[in-house]
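Heads up, the final residue of the sequence shown is numbered 290 in my numbering, and it's a clean run with no missing numbers.
Ideal placement from N, C-alpha and C gives every residue a C-beta, glycine not left out.
Following: one structure in structure tokens, then a few remarks.
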Amino acid sequence: MSLNILVVDDSAVTRAMILKSLRVAGLPLGEVHEAANGKEGLEQLEKHWLDLVLVDINMPVMNGEEMIEKMRQNPLWADIPIVVVSTEGSQVRIERLQRKGAKFVHKPFSPETIREVIQQITGIQLQTAEADHGPDF
Numbered sequence: 154m155s156l157n158i159l160v161v162d163d164s165a166v167t168r169a170m171i172l173k174s175l176r177v178a179g180l181p182l183g184e185v186h187e188a189a190n191g192k193e194g195l196e197q198l199e200k201h202w203l204d205l206v207l208v209d210i211n212m213p214v215m216n217g218e219e220m221i222e223k224m225r226q227n228p229l230w231a232d233i234p235i236v237v238v239s240t241e242g243s244q245v246r247i248e249r250l251q252r253k254g255a256k257f258v259h260k261p262f263s264p265e266t267i268r269e270v271i272q273q274i275t276g277i278q279l280q281t282a283e284a285d286h287g288p289d290f
């Protein structure tokens, strides 16, 4: 099974690092879509069938928390697994996002961390030694 994913972050460099981390982690990637803010992320959700969304919190136009709220309100998107990848330090905000079903990964992160969280929420089992020794991003 390959995962069709959406990576939402206002930094093109961060999006590239997340995608590289997913590949290093050995995740079976299908279609990969990118967006620079929550509004663009929702537009991508309207166009594509996605298995997983990785989203930052602090972005212009529409932040990640607003995007997650809109996803959870839409029956077509309500069950899509979400991983928040952010430097967010507010425990209150993190807990609020977790109550909405999002998992949280702090930047900087390692491919192993991303792999473990995605395995946990998707049930995909991988066997790769490379991810255990990859660089931090």
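For residue i, count the other beta carbons within 10 Å of its own beta carbon; 16 or more makes it buried, fewer makes it exposed. Which is it?
| i | result |
| --- | --- |
| Gly217 | buried |
| Asn190 | buried |
| Met220 | buried |
| Ala255 | buried |
| Pro264 | buried |
| Val214 | exposed |
| His286 | Because the pLDDT of His286 is 47, which lies under 50, any placement of that residue in the model is unreliable, and the number read from its coordinates should be weighed accordingly. So His286 ends up on the exposed side. |
| Leu229 | exposed |
| Ser174 | buried |
| Asp162 | buried |
I'd like the span of the beta strand (DSSP E) that includes residue i, first residue to last.
| i | result |
| --- | --- |
| Leu156 | 156-161 |
| Ala169 | Not the beta strand (DSSP E): Ala169 falls in the alpha helix (DSSP H), residues 165-177. |
| Gly217 | Run containing Gly217: none in the beta strand (DSSP E); it sits in the alpha helix (DSSP H), 217-226. |
Does the Cβ-Cβ distance between residue i and residue j come in under 8 Å?
| i | j | result |
| --- | --- | --- |
| Glu187 | Arg168 | yes |
| Leu203 | Ile271 | no |
| Arg268 | Leu180 | yes |
| Val238 | Leu207 | yes |
Where does the unbroken alpha helix (DSSP H) through residue i begin, and where does it stop?
| i | result |
| --- | --- |
| Glu241 | Glu241 -> no alpha helix (DSSP H), and no H or E assigned at all. |
| Leu122 | No statement about residue 122 is possible, as the shown extent of the chain runs from 154 to 290 and does not include it. |
| Gln273 | 264-275 |
Give me the DSSP bridge partner(s) of residue i.
| i | result |
| --- | --- |
| Lys256 | Val236 |
| Val214 | Looking at the DSSP assignment, Val214 forms no beta bridge with any residue, so it has no partner. |
| Leu207 | Val160, Val236 |
| Leu180 | Leu180 is not bridged to any residue. |
Please find out if some non-hydrogen atom of the ligand SAM comes closer than 7 Å to the beta-carbon of residue i.
| i | result |
| --- | --- |
| Glu222 | Judged by which ligands are present, the structure shown has none, so any question about the ligand SAM falls away. |
Assuming residue i contacts residue j under a Cβ cut-off of 8 Å, what Cβ separation, rounded to an integer in Å, is found between them?
| i | j | result |
| --- | --- | --- |
| Asn211 | Gly183 | Not confirmed; about 28 Å, so no contact. |
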